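Structure record follows, encoded as structure tokens.
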Amino acid sequence: MRCTFNLKDKKKQGETLIYFIAFFKNERKKFVYSTGERIKPSEWDFENRQPNNLKGRGSKSNNHRSIKMQLDRYTNFLLHITDLYKNTDQEITIKKIRREFDNEFKKATINKSQFYDVYDEFTTYKIKNKEWSESTVKRYENIKNILKDFEKSKSYKLTFNGITDEFYTEFTDYCMGDLGHINNTFTRNVGLLKTFLFWALKKGFTYKADFIDFKKKPKVITNQIALKKEDLEKLLNHNFESKRLERVKDVFIFSCVTGMRFGELKFISKNNIIGDVLLLKEEKGSSKKTREIPLNPIAHFLLRKYKYNLPLIANQKHNDYIKEVFQKAGYTHKVEKTSTRGKEVIREVMPFYMRVSSHTARRTFITMMKRKGKSDKLIAEISGHNDMKTLNQYYQITDEEVKEAVNETFDIDIPLKKVD
9 MRCTFNLKDK
19 KKQGETLIYF
29 IAFFKNERKK
39 FVYSTGERIK
49 PSEWDFENRQ
59 PNNLKGRGSK
69 SNNHRSIKMQ
79 LDRYTNFLLH
89 ITDLYKNTDQ
99 EITIKKIRRE
109 FDNEFKKATI
119 NKSQFYDVYD
129 EFTTYKIKNK
139 EWSESTVKRY
149 ENIKNILKDF
159 EKSKSYKLTF
169 NGITDEFYTE
179 FTDYCMGDLG
189 HINNTFTRNV
199 GLLKTFLFWA
209 LKKGFTYKAD
219 FIDFKKKPKV
229 ITNQIALKKE
239 DLEKLLNHNF
249 ESKRLERVKD
259 VFIFSCVTGM
269 RFGELKFISK
279 NNIIGDVLLL
289 KEEKGSSKKT
299 REIPLNPIAH
309 FLLRKYKYNL
319 PLIANQKHND
329 YIKEVFQKAG
339 YTHKVEKTST
349 RGKEVIREVM
359 PFYMRVSSHT
369 ARRTFITMMK
379 RKGKSDKLIA
389 EISGHNDMKT
399 LNQYYQITDE
409 EVKEAVNETF
419 DIDIPLKKVD
């Protein structure tokens, strides 16, 4: 049985449908089936019956390759069905083949073309296969909400065929313009979206591959806040009238002296503490070995204070309250925050306490260890980092350290000569 592809209208200036055609000798008829794919005749290779420009680069070539992948599905499916019928001694007729094609392609179009239906199937698949942590699940829920808000704001109905360069431009404008996302946030979100689209491509829900060329914005290491030893001493000795703030302060200090992520604190119990070591099974990545986190006297003191059950609250609430802790502790001096949006450097001046979050504690632990000359490998053993580049992004160098380093390096006596 021979099969090929033809254009519906070879003389059309714009795009025209691509038909799949198979010839049935027994019935002396040909089976004609619309693939739903469209292309301009000028972009069609009439000799080889396929899109041209398959070896080039750019969005047009990617689009042609995705069309070719879709067309190959029809050819492969026909071979599969004819082999199946032959092996089961069934008569092959155009009517039966059309029914098989409708079940395979039109059913998929009806049931699987809804972008968010496939997105939900993707997240369910990942969750059931235990591939994601709770924080990853929340990230993908957040992306879904961003995409839905984008649709409303830009009046851009999301479909797989609509994931084009135009979509990327509008989505970039929405995220960085309307939402005010900086480069790092936008890059992370685009990466998550592309992970979903690669999965959909692999599973056959789409054959449009324009998204492969979506460029991430260059990541920028932004200046962050890290505390010093005297800051921890000040916090530890500050008595808050509010129990709420006292508890938030204690949880924050515990993270500072252990380097634990806020989300890991819920795994602490008396059962996984042996002497001066807390044994923690990594939440991110089940293949990682159990971490051994040293408990210093401050950590022991705080654990005993709360009978080994730290008073945890929701991360967002903790972030709100820890700012209040620092404000009441007197950290109201102004600091500059710099971030990058596209090519623009954004500078904001704000009170120190507004820069503090739960993540400041982990950054403080790493920065204080680095200042004491501890090796990256040793710090990573405690913090759970595999990538030293990521670890070093936590290290915040202060102006005092810079001045001290320069002065120590060039500690040269100045000649006692008169200067005009």
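Letter by letter, the sequence shown follows residues 9 to 428 of my numbering.
Each residue gets a CB set at the ideal place from its N, CA and C atoms; glycine is no exception.
The structure presented is a predicted model; accordingly, all values stated were derived computationally and were not measured.
Classification of residue i by the beta-carbon crowding that lies within 10 angstroms, buried from 16 upward
i: Asn197; result: buried
i: Ala322; result: exposed
i: Val126; result: buried
i: Thr177; result: exposed
i: Met358; result: exposed
i: Glu272; result: buried
i: His72; result: buried
i: Leu201; result: buried
i: His393; result: buried
i: Gly267; result: buried
i: Met377; result: buried
i: Pro319; result: exposed
i: Arg299; result: buried
i: Ala116; result: Annotation note: pLDDT 44 at Ala116 (below 50); position unreliable, no value reported.
i: Asp258; result: buried
i: Val265; result: buried
i: Ile118; result: Interpretation of Ile118 is limited by its pLDDT of 41, a score under 50 that renders its predicted location unreliable; the figure taken from the coordinates is listed afterwards. That one is exposed.
i: Arg255; result: buried
i: His326; result: buried
i: Leu287; result: exposed
i: Tyr339; result: buried
i: Arg269; result: buried
i: Ser277; result: exposed
i: Lys123; result: Looking at the sequence shown, residue 123 is not Lys but Phe. Phe123 should be labelled buried.
i: Lys138; result: exposed
i: Thr375; result: buried
Coarse secondary structure for residue i, derived from DSSP in three states
i: Lys134; result: helix
i: Asp17; result: coil
i: Thr24; result: strand
i: Ser163; result: coil
i: Thr117; result: Here the model assigns Thr117 a pLDDT of 46, short of 50, so the residue's position is not dependable, and the following value carries that caveat. Three-state result, Thr117: helix.
i: Arg57; result: coil
i: Thr144; result: helix
i: Glu300; result: strand
i: Arg65; result: coil
i: Thr195; result: helix
i: Lys216; result: coil
i: Leu187; result: coil
i: Glu112; result: helix
i: Thr96; result: coil
i: Asp395; result: coil
i: Gln122; result: coil
i: Ile75; result: helix
i: Glu139; result: coil
i: Ile89; result: helix
i: Thr177; result: helix
i: Thr203; result: helix
i: Ile102; result: helix
i: Thr83; result: helix
i: Ile171; result: coil
Cross-strand partners of residue i (DSSP beta bridge)
i: Lys37; result: Phe32
i: Ile47; result: Thr24
i: Cys11; result: Ala30
i: Ser42; result: Tyr27
i: Trp52; result: Pro59
Query raised in the report: Is the number of C-beta pairs between the stretch 236-252 and the stretch 385-400 that are closer than 8 Å three or more?
Result: no
**Report entry** Uninterrupted beta strand (DSSP E) stretches inside the stretch 306-393 (no shorter than 3 residues)
**Finding:** 342-349, 352-359
Query raised in the report: Taking three-plus beta-carbon pairs below 8 Å as touching, is the stretch 89-105 in contact with the stretch 57-73?
Result: no
Query raised in the report: Are at least three pairs of beta-carbons, each pair with one atom in the stretch 13-22 and one in the stretch 44-51, less than 8 Å apart?
Result: yes
Query - Any 3 or more C-beta pairs closer than 8 Å across the stretch 325-337 and the stretch 297-311 - result: no
Requested in this report: Pick out the complete beta strand (DSSP E) segments inside the stretch 221-295, 3 residues or longer, and give them in chain order.
Outcome: 285-288
Query raised in the report: Are the stretch 177-188 and the stretch 159-169 in contact at 8 Å, needing three or more beta carbon pairs?
Result: yes
Report task. Count the CB pairs spanning the stretch 276-291 and the stretch 344-363 that are closer than 8 Å, and state whether there are at least three. Result -> no
Query raised in the report: Using 8 Å as the threshold, is the stretch 337-349 in touch with the stretch 359-377, meaning 3 or more CB pairs across them?
Result: yes
Query - Segment contact flag, the stretch 29-39 with the stretch 97-110, C-beta cutoff 8 Å, min 3 pairs - result: yes
Query raised in the report: Is it a yes or a no for the stretch 204-222 touching the stretch 166-175, going by three-plus beta-carbon pairs under 8 Å?
Result: yes
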